[in-house]
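Take a look at the structure set out below.
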Amino acid sequence: MFILARTSVLCFQKSLCVVRISPEWSPTQLRGESKLRTQYPSDWTRLIWRPYCFTQSNGLLRSYKKIPFHPKRIQHINPPSDIGLGELADPKKSLSDWAIVSRLLHYIWPADRPEIRWRVVAALSLLLSSKVVNVLVPFIFKHAIDCFSGNVPVLLSSCSPSSAALIILVSYGLFRATASGLNELRTAVFARAAQSSIRQVGVQVFRHMHDLDLSYHLGRRTGALGKAIDRGARGIQFILTALVFNLLPTGLEVMMVTGILYYKYGLPASLIALACIGAYTSFTFAVTRWRTQFRIEMNKADSRAGSQATDSLINYETVKYFNNEDRETAIYDHLQSQYERASIKTTTSLAVLNFGQAAIFSAGLAAAMVIVGSQVAVSLGLDTNAATSLISMLAGNAVQGLTIGDLVLVNGLLFQLSVPLNFLGTMYREVRQSLIDMSTMFSLMELKPAVRVSS
């Protein structure tokens, strides 16, 4: 029997049985010195590489103590792979994004549960209502500003400018509260559908894990598998939240705002808004795709560290028996250092993303305000120059009847749009990460047992 004495052992009187703590680091059977040295660092050349064969357990223990161990050289060892999950976590071998979304929509719109469909329709209706009310809020504030300059709306023509302004400001607060209330009601209505989908997926994955054969469960790592399922469940919740509460509302609001700018202030203002939103979105997507590699690396390092900690603590008695605390600690510290480096890259790239988004939006906002401000100056008969005259000529009839409140309106519309756009960067980043996590979880469903129970 060929054994490697550096592994942990379970000894019986006049017999021998070898038990592995780290199976991916220690081959259980070796056939020569050359093969062994190809799997171990060159620093371990002083090990006794000849095969051992014992009939007594105390002889094995004496040989074990002769093997030198250098905790400071642990960084030369290749870290353990995610056994049972490493191939599934590879994005090139996982499900496509459209396949994941298609599976998820099947749970959101189930054919046998009409109450879930009703909740989805109600949530979308509340979404549309909340965005309409939200876009009306800057218009109300515009009329309040106009009242202070003597331009009272027709509906309040019987009131004095100050009284009309107070009434409009009260309405401004009510409309903002109404928009917030509709958003929260949408969240409450959709919660049942979202949680039902998460529960169904989780139960199916759990059941499928029990249907797999013993060979899979002997080869998998408990910590990595548990984290993959947990991340996948959290990814489902985040995807549903992002689609229903962020991405769809943001797209709807962008279309409404650009339409309003085109109707009231002409083509230049709407083109500026579209160019700003397009540049913002393109920059966000490009940088986020670049950052995805750091997030994948960070997740892999996190899984390795968690799996190593779980397996080491499960084998606590064996580690303690052979006084291997230093070795296990060095391995865990090495894996945590990999996670630290990946986390620093992720944070630094996030700072680059946030600054670029702020710079693009600020430039677009300033350009839109310059265009509308020039139109307001021409409409009010103020001193103009060649630039304002050119902008007014391009805007055409949109210049007529503009007031100071229109400048406030454009500022309010764009600033109000900046809130979901700023969140769009985070949403896209987290959606990409959630898709990766869900791909790993759904890939577990693709595993087939070697032996199937016939019906």
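For the sequence shown, the residue numbers in the UniProt record's numbering are 1 to 455. All residues carry an ideal CB built from backbone N, CA and C; glycine is no exception.
Counting C-beta pairs closer than 8 angstroms gives fewer than three between the segment 405 to 412 and the segment 303 to 311, which falls short of the contact rule.
Ranked by Cα distance from Ser-162, the first of Gly-173, Gly-150, Tyr-172 is Gly-150. When DSSP states are grouped into helix, strand and coil, Lys-448 belongs to the coil group. Under a 10 Å Cβ-count criterion, Ala-366 is classified as exposed, with fewer than 16 other Cβ atoms of the shown protein chains found around its own Cβ. Between Tyr-280 and Leu-421, the beta carbon gap of about 6 angstroms places them in contact (Cβ cut-off 8 angstroms). Between the alpha carbons of Gly-259 and Leu-225 lies a distance of about 49 angstroms.
Sorting Leu-182, Glu-446, Arg-291, Arg-234 by C-alpha distance to the C-alpha of Thr-347 places Arg-291 at the top.
Its chain contains Arg-231, Gly-232, Gly-235 as the residues whose beta carbon lies nearer than 6 angstroms to that of Asp-437, once the 5 sequence neighbours on both sides are disregarded; these appear in chain order. At the C-beta level, Val-137 and Arg-176 come within 8 angstroms of one another. Cβ-Cβ distances below 8 angstroms link Ile-360 to Cys-276, Ala-279, Tyr-280, Phe-283 in the same chain, with the five nearest sequence neighbours on each side left out; the list follows chain order. In this structure Glu-446 is exposed. Its beta-carbon is surrounded by fewer than 16 other beta-carbon atoms within 10 angstroms.
Annotation for Leu-409: Pro-138, Lys-142 place their beta carbon closer than 6 angstroms to its own, counting only its chain and skipping 5 residues before and after. For Gly-425, the number of other beta carbons within 10 angstroms of its own is at least 16, and it is reported as buried. When rounded, the separation of the alpha-carbon atoms in Ala-368 and Val-378 is 16 angstroms. The C-beta distance from Phe-238 to Ser-434 rounds to 5 angstroms, short enough to fall under 8 angstroms. Under the rule that a run must span 4 or more residues, no alpha helix (DSSP H) segment is found entirely inside the segment 117 to 198.
Pro-249 sits close to Leu-127, with the two beta carbons spaced by under 8 angstroms. DSSP, reduced to helix, strand and coil, places Leu-421 within a helical segment of the structure shown.
For the set Ser-337, Leu-240, Val-287, the Cα lying nearest the Cα of Ser-349 is the one of Val-287.
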